[in-house]
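**Q** Structure provided below as structure tokens; questions to follow.
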Amino acid sequence: MSIHDRDYYREHHRAQERASDQERRRQQSQAQPGPKRRSDPPRSTPPPQQLRPHLDPSRWRRATARPRWLLWCGLALAAILIAHVIGGLKSQQPFPEPGTVHWYVAETQGPKAPLTLRAPLSGPADFAVRFDHWESRAPVALVPIRSGMSAHLEMPLGRYRMTISKGLLWQGPGKLFHITTDAREAVDPVEFTRVGDTFSGHTIQLETLAGNMDTRRAR
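Under the working numbering, the first residue of the sequence shown is numbered 46, with each subsequent residue one higher.
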């Protein structure tokens, strides 16, 4: 073996050792675990009671939708009401003058007792008070009274059923105040009597906050 061959062999052997060392370092670096990544902090989730349920838009529309027939019924009722109001306005009559009394019976010559009716000031609404025989319910007299005014008349002696009507659209003694009529009747009879030469009449306030006349919805 010459000097050149010995040098070549030494250099070749060193190159193999360097390659072996590099391969060994590479394997060791792959075998070692890498640096740990910083994990993200856990996300906070709302408590179960704060989670909103999923709403299906179609289900919500079905739940809130109104039947079509109900809408048509509402429109029909509104149209009927408007037609009644327009009809009442067209057939409205002037309210009677103070002191007017509409008698359903012929005037009698028998004894009579005084009656005073006082209507409160109630804005545009007026009043109409009707007296019927208590037993037969036959009408006797109808007294129209303007708001804030009084009426004075003489009633034949007897027991009467008194009905107090209130409203806006005066239609005459038959229809009274049309669809705006609000009628109440006295629970007890109103009596006009005579004891000797003394006639017992009445002074009636039609609306009071603490009155002594019990009323109910007119039948």
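Positions of the beta carbon are idealized from the N, C-alpha and C atoms, including for glycine. No experiment lies behind these values; they were computed from the predicted model shown.
Do you know offhand how far Y149's Cα is from L198's?
**A** Translated into positions along the sequence shown, residue 149 becomes position 104. Translated into positions along the sequence shown, residue 198 becomes position 153. Y149 and L198: Cα-Cα distance of roughly 15 Å.
**Q** If you pair each beta-carbon of the region 236–249 with each one of the region 210–225, do three or more pairs fall below 8 Å?
**A** No, because fewer than three Cβ pairs between the region 236–249 and the region 210–225 fall closer than 8 Å, the two stretches do not touch.
**Q** On the DSSP bridge assignment, give the partners of H178 in chain order.
**A** Indexing the sequence shown from 1 puts residue 178 at position 133. Per DSSP, Y205.
**Q** Which residue marks the beginning of the beta strand (DSSP E) containing P165, and which one marks its end?
**A** Locating residue 165 in the sequence shown gives position 120, where the first residue counts as 1. Segment: none, P165 is in no beta strand (DSSP E) and carries neither H nor E.
**Q** From H223 to S136, what does the alpha carbon distance come to, in whole angstroms?
**A** For the purposes of this step, residue 223 is taken as the residue at position 178 of the sequence shown. For the purposes of this step, residue 136 is taken as the residue at position 91 of the sequence shown. Going from the Cα of H223 to the Cα of S136 covers about 9 Å.
**Q** Taking the Cβ atom as the reference point for each residue, do E188 and Y205 lie within a distance shorter than 8 Å?
**A** On the sequence shown, residue 188 is found 143 positions in, with the first residue counted as 1. On the sequence shown, residue 205 is found 160 positions in, with the first residue counted as 1. Note on identity: in this sequence residue 188 is Val, with Glu being the wrong assignment. No, they are not a contact pair.
**Q** Whole angstroms is fine: what's the gap from T161's alpha carbon to R264's?
**A** For the purposes of this step, residue 161 is taken as residue 116 along the sequence shown, with counting starting at 1. For the purposes of this step, residue 264 is taken as residue 219 along the sequence shown, with counting starting at 1. Each residue's Cα considered, the two are about 25 Å apart.
**Q** On the DSSP letters alone, give me the boundaries of the beta strand (DSSP E) that Q250 sits inside.
**A** What you label residue 250 is simply residue 205 of the sequence shown in a count that begins at 1. First-last of the beta strand (DSSP E) with Q250: 247–250.
**Q** Residues in the same chain with beta-carbon distance under 6 Å from P218, minus the five sequence neighbours each way, listed in chain order, please.
**A** Looking up residue 218 in the sequence shown gives position 173. Here the set comprises H147, L187.
**Q** List the endpoints of the continuous beta strand (DSSP E) containing T238.
**A** In the sequence shown, the residue the question calls residue 238 occupies position 193. 235–240 is the extent of the beta strand (DSSP E) around T238.
**Q** Give me the Cα-Cα distance between L96 and R262, rounded to the nearest whole angstrom.
**A** Working through the sequence shown from its first residue, we reach residue 96 at position 51. Working through the sequence shown from its first residue, we reach residue 262 at position 217. Its pLDDT being 49, under 50, L96 is placed unreliably in this model, and the coordinates cannot settle the point.
**Q** Among all the DSSP beta bridges, which residues are the ones paired with G212?
**A** To locate residue 212, count along the sequence shown from 1; it is residue 167. D171.
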